[in-house]
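*Asks:* After the structure tokens below, expect a handful of questions from me.
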Amino acid sequence: MSLYSAGVEYGLHCLLFLVDDLGESREASVRDLAELQGVPHEYLAKVFTKLAKARLVVATEGVRGGFRLARPADEITVLDIVTAIDGHKAIFDCRDVRDRCTLFDGAPPAWAIDGTCAIHAVMLTAQKRMEEALAQQTILDLSRRLGRKAPAEFSTQVVKWINERRDSK
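Reminder that position 6 of the sequence shown reads as 6 in this note's numbering, one-by-one numbering, no gaps.
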């Protein structure tokens, strides 16, 4: 079971298509982004509602409208996107097992329950490190990584495809 929803994956991929080679924002409709990536339009529309509510994207007006980044790509972190789409998700839900040891007969001694549970502390550290890692990566970082991997003509093809779709409206 994954921690984050498919919406996070869809949202991240879509935002990559809203960044050009120079890190500038470009515009595309949710319908076009859904078709481009083969993901459900209705679901993606809900993802973009969350992204807009978090002020990560803004809607553009008109028949040819769509969405663009609300701020520079180097200021939008992966953690911003994850939190906008899925909210804050804890990787661990402490059940206070140490309080229920049968040997304590319903009255755990102070030594057993004082302070943060060692297991919970490890999980809190893991959560913090994961969130720090997500906060260190921006959409611009991901876009540049994609740019180094994909052939140069791929970006040109994406721009041409999006523009043709917008011009046909």
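Cβ atoms here follow ideal geometry from the backbone N, Cα and C, with glycine treated the same way.
Which one of D99, V30, G23, V122 has the shortest CA to CA distance from Y10?
*Replies:* Counted from its first residue, the sequence shown places residue 10 at position 10. Checking every option, the nearest Cα to that of Y10 belongs to V30.
*Asks:* Whose CA, out of I113, L12, A107, E27, lies closest to the CA of R95?
*Replies:* Against the sequence shown, residue 95 aligns to sequence position 95. Distance check between R95 and each of I113, L12, A107, E27 places I113 closest, using alpha-carbon atoms only.
*Asks:* Report all residues from its chain with a CB closer than 7 angstroms to the CB of L79; omit the five preceding and five following residues, and keep chain order.
*Replies:* Taking the first residue of the sequence shown as 1, we reach residue 79 at position 79. Here the set comprises E131, L134, A135.
*Asks:* Can you name the start and end residues of the beta strand (DSSP E) that L44 belongs to?
*Replies:* Taking the sequence shown and counting its residues from 1, the one referred to as residue 44 is at position 44. Segment 41-53 is the alpha helix (DSSP H) holding L44; no beta strand (DSSP E) there.
*Asks:* Quick check: G66 and A28, are their CB atoms within less than 8 angstroms of each other?
*Replies:* Taking the first residue of the sequence shown as position 1, residue 66 is located at position 66. Taking the first residue of the sequence shown as position 1, residue 28 is located at position 28. Yes.
*Asks:* Which value, in whole angstroms, describes the spacing of the CA atoms of A59 and V82?
*Replies:* Stepping through the sequence shown from its first residue, residue 59 is reached at position 59. Stepping through the sequence shown from its first residue, residue 82 is reached at position 82. Distance between the alpha carbons of A59 and V82 is about 20 angstroms.
*Asks:* Locate the alpha helix (DSSP H) running through F67, then write down its first and last residues.
*Replies:* Counting from 1 along the sequence shown, the entry for residue 67 is found at position 67. F67 -> not in any alpha helix (DSSP H); beta strand (DSSP E) instead, spanning 67-69.
*Asks:* From M123 to P151, what distance separates their C-alpha atoms?
*Replies:* The residue given as residue 123 occupies position 123 in the sequence shown. The residue given as residue 151 occupies position 151 in the sequence shown. If I take the Cα positions, the gap works out to 40 angstroms.
*Asks:* Using a threshold of 8 angstroms, state whether the C-beta atoms of G115 and D21 are closer than that.
*Replies:* Position 115 of the sequence shown, counted from the start, is the residue given in the question as residue 115. Position 21 of the sequence shown, counted from the start, is the residue given in the question as residue 21. Taking 8 angstroms as the Cβ cut-off, G115 and D21 do not qualify as a contacting pair.
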